[in-house]
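Taken in order, these protein sequences are the chains called A and B. Under this note's numbering, think of the first position of the first sequence as 21, with each following residue one higher. Under this note's numbering, think of the first position of the second sequence as 21, with each following residue one higher. The beta-carbon is built from N, C-alpha and C at its ideal position, and this holds for glycine as well. Please read these numbers as outputs of a predicted model, since none were measured by experiment.
2 protein chains.
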Amino acid sequence: MPADPDPSLRLLWRHVVPSGDAPTTRRGPQQRLSVDEVVDAAIEIADRDGLGALSMRRLAAAVGLGAMTLYTYVPGRNELVVLMVDQALGRTELPALPADDLRGRLELVALTQYADVRAHPWLLDVSGVRPWLGPHMADRYEWQLSALEGVGLDDLEMDQAVSLLVGFASNIARAEHAVRQAQRESGMTDLEWWQANAETLGEVMAHRSYPLAGRVGQAAGEAYQAASDPGRELEFGLARIVDGLLAHLDAKNR
Amino acid sequence: MPADPDPSLRLLWRHVVPSGDAPTTRRGPQQRLSVDEVVDAAIEIADRDGLGALSMRRLAAAVGLGAMTLYTYVPGRNELVVLMVDQALGRTELPALPADDLRGRLELVALTQYADVRAHPWLLDVSGVRPWLGPHMADRYEWQLSALEGVGLDDLEMDQAVSLLVGFASNIARAEHAVRQAQRESGMTDLEWWQANAETLGEVMAHRSYPLAGRVGQAAGEAYQAASDPGRELEFGLARIVDGLLAHLDAKNR
DNA sequence: GTCATCTCCGTACGTCGTACGAAGTAGAAG
DNA sequence: CTTCTACTTCGTACGACGTACGGAGATGAC
């Protein structure tokens, strides 16, 4: 067996490849917990308070261990986060894709991603993960591609279409999360912030002219009762993207 | 003048509203630098090494001050970042929008955002900023809306279309940045990582079946010589989105 | 000349990830 | 049964972080 450049890989696949060449019994005391339990506790903390609030010390306290003991379960914080991603994604059972409804399949790919990122907003803070990596990520990619198999796209376009849908859905969830985050940190809703700063903003912006931004911003503010409405952005954007994809398919299959 | 709930606001607009009610002369020694110089130095650090590497101590050293002296220029790190965003955006002169080429205008809105985020990837890490906020942000929003004025969209749809284009462009830049980041941190390119882990991955994934992911992944890998190709994703996705937007306009104006 | 106010900055506190080494436990080897 | 050795657990410590606090020195207002 060659060296593993990435220490996360074997850990990620620990359930599908039970033990590489490790001895079946280990000396010393049994570990009081399993890696899964540690990762689950970490997911719980990150779900509630964000990835920034997930410290090794806090996680250790949550599972009843000393901080340094965590390092016998997981090589370090980065590797823990990688495990969290795959384990969190594995919690959602991927829904069946409607066989004769391409539009529905495309929307389902996007909406599934949207729901998962909403449930675990810290997924958005994990950037450095190589694709595929874990078993649940691989399952998901396979599922996403199956929504587009046999519709007339070549392999590269299938990959790009999946990226487009998934990236868009993530981006909407990101905007939504940013609003909630700002609200939590400032203690004010968008509307309250706007009202509290209206006078200053008005004074300050009076020195310049923003005819469109003023008109559109006011219309949006009244319609949304906030500065933005991710739900409507999701609906609008997804419709345009799916339209564009279907039109592309039509043009190719003509 | 009422209280300013947001301490960044007056600072952000300091150039368009020179001084609110402050005395024209200040006691004590002159500041050795200007806020602009401090923010420029911060942008330089963040451009080179990311927002995480921008510490108050490092910025202070870069401009030749003690760490705590920065707090006489800027209320805190968060406020500094907000100033950085507006100042970085202000560096790009917004290009003229082609009057009789709607597709070109939409693409230009997206590509301008893409270029700016590529130049300042740390913009992607700034989430909590309320929209509009600064003068350059406001200028930009006005410019983005002007690309869509008079084409048959209502105000809400104009806002949503801008969000769609800008969000998509940012997302592509994010993917590209994530690849570069991973490369920098691991010291390996995507391809090298893949090759180094190929054996482990092959062994581990042999326990499951990934027909589509295997086929598509291999095709993508060969075509891209990497796990992904943000340039092609940009081209493909932008074409689909603009198609979808134009189709929506056609349907509305029919 | 006095004083209020400003800039500048050293120190300190509580946070973080984690390197290191000690203490105790349990299977393996004799 | 004893000894060895690998293992888990964890306390301490280091250098980073943002920034609260207070002191020293400078400058304009009176």
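Asked                                                                                                                      : Found
8 angstroms Cβ cutoff, A/Q50 in contact with chain B                                                                       : no
Positions along the segment 87 to 118 of chain B whose CB lies within less than 7 angstroms of some CB in chain A          : none
Start-end ranges of the alpha helix (DSSP H) lying completely within the segment 170 to 221 of chain A, minimum 4 residues : 175 to 206
Terminal residues of the alpha helix (DSSP H) in which A/T132 lies                                                         : L122 to A139
Inter-residue Cα distance where the pair is B/L185 and A/S248                                                              : 15 angstroms
The segment 88 to 107 of chain B / the segment 143 to 151 of chain B touching (three or more Cβ pairs under 8 angstroms)   : yes
The ligand SAM heavy atom lying under 7 angstroms from the CB of A/V129                                                    : As far as ligands go, the structure on display features none, and thus does not contain the ligand SAM.
Start and end residues, alpha helix (DSSP H) containing A/P231                                                             : P231 to Y244
Spatial distance of A/H227 from B/G154 (CA atoms)                                                                          : 13 angstroms
Element boundaries [alpha helix (DSSP H), containing A/H268]                                                               : P250 to N273
Sub-8 angstroms separation of A/V36 and A/Y93 beta-carbons                                                                 : no
B/A9 versus B/R34: straight-line alpha-carbon distance, rounded                                                            : Residue 9 of chain B is absent from the model: chain B starts at 21 and stops at 274.
Backbone CA spacing between B/E219 and B/G237 [nearest angstrom]                                                           : 16 angstroms
Cβ of A/I65 within 8 angstroms of any chain B Cβ                                                                           : no
8 angstroms Cβ cut-off: residues of chain A touching B/M76                                                                 : Neighbours of B/M76 on chain A: none; closest Cβ ~18 angstroms, over 8 angstroms.
Residues of the segment 240 to 253 of chain B with Cβ closer than 8 angstroms to any Cβ of chain A, in chain order         : A240, A243, A247, S248, R252 and E253
C-beta atoms of B/L131 and B/V171 nearer than 8 angstroms                                                                  : no
Where B/L100 sits in the DSSP three-state scheme                                                                           : helix
Pairwise C-alpha distance: A/A119 and A/D67                                                                                : 34 angstroms
As assigned by DSSP and simplified to three states, the class of B/P155                                                    : helix
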